[in-house]
Structure formats: structure tokens, C-alpha cells
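From first to last, the protein sequence lines stand for chains A and B. Heads up: the first sequence runs through residues 1 to 173, numbered per this note's numbering. Heads up: the second sequence runs through residues 1001 to 1200, numbered per this note's numbering.
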Amino acid sequence: MNQLPDLARVFAYLSLLTVGGGMAAFPEMQTLTVDVHRWLTAPQLVHLYSVGQLAPGPNMMMIVPIGDWVGGPLGALVVLIAFFGPTALLTFMIGRWWARLENWPWRKSIQQGLAPVSIGLLLAGSFTLAKSAIFGLETAAIAVGVLLILQQTKVNPAALVLGAAVIGVFSFD
Amino acid sequence: MNEVVKEPLSQVDAAGLRGVSISQLFFEFLTIGATSFGGAVPYLRASLVSKRQWVSDREFVELLSISQSLPGLNATNMAILVGQKLKGASGAAVAVLGICLPGSLLMFAVGVIYRSHGDHAWATGALKGVAAASVGLVLSTVLQLSKRSLEERFDYLFVIMTVLAVNRLHQSVLVTLVAVGFLAILWHRPGRETGQETAR
């Protein structure tokens, strides 16, 4: 069964939703990859997303394993191109033009208007993530702890995620 | 205010002035792609502004705000914009390739390992911890962005509308983005009565 066209379609669509950050597309990613196409389970998606935060570079490389599981290495490549190609092209075409529109009054309106929406999308994504990731006191304590530490200090977020993994190994099960 | 940003962003001028080669550009972004643990933006700034001085601090902030308004991840959008500025289309292509290559290979390997060992007891424990931590991580990004870019009471209303549309009304992210985005942009339309806040 050839799923490559579906992979390309889904991830190209998802990429257009990543305004403000990859998390903005998370609710839709869960709907499409878990509920509609059943490429993986909700816990697997949450695990991949979370482990992906430990990898360097753009923080949505967790899409690569989904492509691999569905369509092998070629699937991984299709997903990468679908997810980064269209937005890269868009940024390439609009970016320079946008920089020249410094004096166009609507430019500021668009940036000011999209800011709260993209923050809302990130927040909505984090609630969707939390539904699968937070259960019970320990997970809630880890999430709040990470949030507080990041507000108070300049510690590297990846180090905190790694620390939480260690806590997880010793405290669960 | 310096006039550097006023210079034409033509690739020929920029590349000629700065003498950056395609391979330098590729390896710089490859290095960022391989080392930027915990979020690419601070690493981009350290490399492009402080170390290489390919863009000024003001340009960096400007390009970052463009990156945030456009679809796509900040890291890749920044790679496109800086690569384009320095070396045109081929610069943008090698920059985005460089920043994506290490993380995508690493996650490919992680995916293979996860599929075969993800259900071991120690792994499920670790994954629970990691998942919980990443909730805290996103929330911290949300707070940080809110402090920087929410300017007035109505902005919070747009945030709440967006969250409710996605999480409660189960609207698609696209519909929400277009609908609430349209309202919010109209609200922030040029020269509205309440007057512009002081420029940041």
C-alpha cells in the first residue's frame, strides 16, 4: 500500500500551520496522523515530539520517524521535503519583499495581529500535548518544575528535558 | 539608528561586501544544526551576529520577527532569510539543508531505536518524564512570547479565542488561524482610533 502521497499531503498541510512554532500544528498533527491515518498512536506521537526536543536544530524533526515508519527511508525523505519545502519557498518569496515593506502600515497590523493568534495556537498545542503527557502528580510536578526553572534561570532547556528523563527512569514503574 | 538595513538586500552586493562563500555558509549552518540543543535561536544569534558578523543585531531581530509571522519553524525560516540575504537562492538552500541535516539524521536513528526498544520499562519511564518536561518547555515559550508581543487587553482575548476554537470547539488549526487572525489584524488595523502604542 503506497502511502507516500498521503504523507506528502498531510505534512505539507501541517507545515503551513506552523505559525509561531511547530507546536501550533500539534493538534492537527494528532488528528491527521493518529485519528485519520492511524500511522501511530497518540502516546507514540507525544513521545516522538518530546524526544525531538532533545535533538539539535529545528525542533520538529520528530516528523522524520513518522515518515520512516510509514514509508521507510523514502517516506522519511518525503515527509522532510513536504514539511520544510513549501514553507521554505514561501519564506524565500515573501521574506525579502516583506523586509522592503517596512513603511507599509498593514505590515505592522499583520505582525501585531498574528502575534496573539500564534501564541494561542502554541497554547492550544501545549494543552493537547498535556492531555497525553500529564497524568498524576509526578508528571504535573515535572511540567511545573521545568516551567518555573526556565522562568527563573538561563539553564539550557534540553538539559532539563534530559533531567526529567532521568527522574522518569527512577520514579515511574 | 544605523542605515545598514537600508542597503539593497541584493545577493550580489551582500555577498560581495561580506565575501561569504557557499561552503562557509553551509558549514556554519551545519554546525548550528548539530549543536543547537534546546532551541536554535540563541545559537543562531551567537553564530551569525557575534561570531561571523554576517548580520547586525538589528537585522537579526527584524528577520526573526519576519520568521515568526510566516508559517515555518523559526530555525528554518531564519536559515532561509539569512542564506538568501548573503548568497541568494543557493545560499538559502544550503543554509536550510545544513541546519536540518544533523537533527533529521539523529531523529531517524531515534525512531528506529524507539520502535524496537520504546516499550522497555526504563524507556517508558524516561519517556513519561521527557513528555511532561516538554509541556513545561512549550508553556515557557508561550510565556516568553506573551511578555514580548502581547500589548493590550484585546490581544489576550485573541489568545483565548484561539485556544477555545482549537481545544473546545475542535475547529481545525487552519480555520482558527484564518478566522481569528483576520479579526486580530483588523483590530490592529493602521491608524485605528485608540492610537498606536509606543513603538517597541
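Where is the CB? At the ideal position from N, CA and C, for every residue including glycine. No experiment lies behind these values; they were computed from the predicted model shown.
Where does L1030(B) land, buried or exposed, given buried means 16+ other C-beta within 10 angstroms? Answer is buried; the Cβ neighbour count reaches 16.
Contact under 7 Å by Cβ, F170(A) with A82(A): Against a cut-off of 7 Å, the Cβ pair of A82(A) and F170(A) comes out as no contact.
Enumerate in chain order the residues of its own chain whose CB-to-CB distance from V46(A) is below 7 Å, with the five nearest sequence positions on each side excluded. Only L129, S132, A133 meet the Cβ criterion.
For V1135(B), does the count of other Cβ atoms within 10 angstroms reach 16, so buried, or fall short, so exposed? Under this definition V1135(B) is a buried residue.
Contact set for V51(A): own chain, Cβ-Cβ below 8 Å, skip 5 residues either direction: So the qualifying residues of the chain are M62.
Report buried or exposed for T153(A), applying the criterion of at least 16 other Cβ atoms within 10 angstroms of its Cβ. An exposed status is given to T153(A), since fewer than 16 other beta-carbon atoms sit within 10 Å of its beta-carbon.
Quick one: list the residues of chain A neighbouring H1120(B), beta-carbon separation under 9 Å, in chain order. Neighbours of H1120(B) across chain A, judged by C-beta separation under 9 Å, do not exist; the nearest C-beta is about 10 Å away.
May I ask you to report which of helix, strand or coil DSSP gives V166(A)? The answer is helix: DSSP assigns V166(A) an H, G or I state.
According to DSSP, is V1020(B) helix, strand or coil? In this structure, V1020(B) counts as coil in the three-state DSSP scheme.
What does the Cβ neighbour count give for H1170(B), buried or exposed, with the cut at 16 atoms within 10 Å? In the assembly as shown, H1170(B) is an exposed residue. Its beta-carbon has fewer than 16 other beta-carbons within 10 Å.
For V1096(B) versus I1080(B), is the C-beta spacing smaller than 7 Å? Yes, Cβ-Cβ distance for V1096(B) and I1080(B) is below 7 Å.
Sequence-distant residues of the same chain with beta carbon closer than 7 Å to Y13(A), five excluded per side: None.
Mind checking if A1015(B) is an interface residue toward chain A, Cβ cutoff 7 Å exclusive? Reliability fails at A1015(B), whose pLDDT of 44 lies under 50, so the model's placement of it is uncertain and the value that follows must be treated cautiously. Judged by the 7 Å Cβ criterion, A1015(B) is not in contact with chain A.
Residue(s) in a DSSP beta bridge with V1166(B): Beta-bridge analysis with DSSP links V1166(B) to no other residue.
Which word fits H1120(B), buried or exposed, when buried means at least 16 other C-beta atoms lie within 10 angstroms of its C-beta? H1120(B) comes out exposed.
Boundaries of the alpha helix (DSSP H) in which E1059(B) is found, first to last residue: Per DSSP, E1059(B) belongs to the alpha helix (DSSP H) from 1057-1069.
Under 7 Å, Cβ to Cβ, is there at least one residue of chain B near A88(A)? Residue-level contact by beta carbon holds for A88(A) and chain B, with a gap shorter than 7 Å.
Selected residue, minimal CA-CA separation from G22(A), among V1138(B), V1166(B), M1161(B): Of the candidates V1138(B), V1166(B), M1161(B), the one whose C-alpha sits nearest the C-alpha of G22(A) is V1138(B).
Note down, in chain order, each residue of its chain lying with its Cβ closer than 7 Å to the Cβ of T1176(B), except the 5 sequence neighbours on either side. In chain order, T1162, A1165, V1166 place their CB closer than 7 Å to the CB of T1176(B), counting only its own chain and leaving out the 5 sequence neighbours on each side.
Is G1195(B) helix, strand or coil when you go by DSSP? Annotation note: pLDDT 47 at G1195(B) (below 50); position unreliable, coordinate value reported separately. Note: G1195(B) maps to coil in three-state DSSP.
Leaving out five residues on either side along the sequence, give the residues of the same chain with a beta carbon under 7 Å from the beta carbon of G20(A). So the list reads S118, I119, L121, L122, once near-sequence residues are dropped.
T91(A) CB to nearest chain B CB: under 7 Å? Yes, contact with chain B.
What does the alpha-carbon distance come out to for the pair Q1024(B) and K1087(B)? When rounded, the distance between both Cα atoms is 11 Å.
When the distance is taken between beta carbons, is G1083(B) closer than 7 Å to A1075(B)? With respect to G1083(B), A1075(B) sits apart: the two C-beta atoms are not nearer than 7 Å.
Proximal residues of chain A, C-beta to C-beta of V1135(B) below 7 Å: Those are S126, L129, A130, A133, I134, A143, listed as they occur along chain A.
Measuring alpha carbon to alpha carbon, tell me which of A76(A), V78(A), M93(A), P5(A) ends up nearest N1077(B). With respect to the C-alpha of N1077(B), the residue from A76(A), V78(A), M93(A), P5(A) having the closest C-alpha is M93(A).
Min CB distance G1091(B) to chain A below 7 Å: Not closer than 7 Å to any Cβ of chain A, the Cβ of G1091(B) fails to qualify, so no.
8 Å contact criterion, which L114(A) and L4(A) should meet: CB distance rounded: At roughly 32 Å, the Cβ-Cβ gap does not stay under 8 Å, so L114(A) and L4(A) are not in contact.
Is the distance from the Cβ of G1129(B) to the Cβ of A164(A) below 7 Å? Yes, the Cβ-Cβ distance between G1129(B) and A164(A) is below 7 Å.
With burial defined as no fewer than 16 other Cβ atoms inside 10 Å of the residue's Cβ, what is the status of A124(A): buried or exposed? That one is buried.
Within 7 Å of any Cβ in chain A, is that where the Cβ of M1078(B) sits? Not an interface residue.
Could you tell me the alpha carbon to alpha carbon distance between R1058(B) and V1049(B), rounded to whole angstroms? In a straight line, the C-alpha of R1058(B) is about 9 Å away from that of V1049(B).
So is I1022(B) in contact with chain A if we call contact Cβ pairs under 7 Å? Put simply, the CB of I1022(B) is far from chain A, with every gap to its CB atoms at 7 Å or more.
Are L1073(B) and M60(A) close, meaning C-beta to C-beta below 7 Å? A distance below 7 Å separates the beta carbons of L1073(B) and M60(A).
Output yes if chain B places a C-beta closer than 7 Å to the C-beta of D35(A); else output no. Cβ-Cβ to chain B under 7 Å: no for D35(A).
Neighbourhood of G1033(B) by C-beta distance below 7 Å, restricted to the same chain and skipping five residues each side: Here the set comprises G1098, I1099, C1100, L1101, P1102, G1103.
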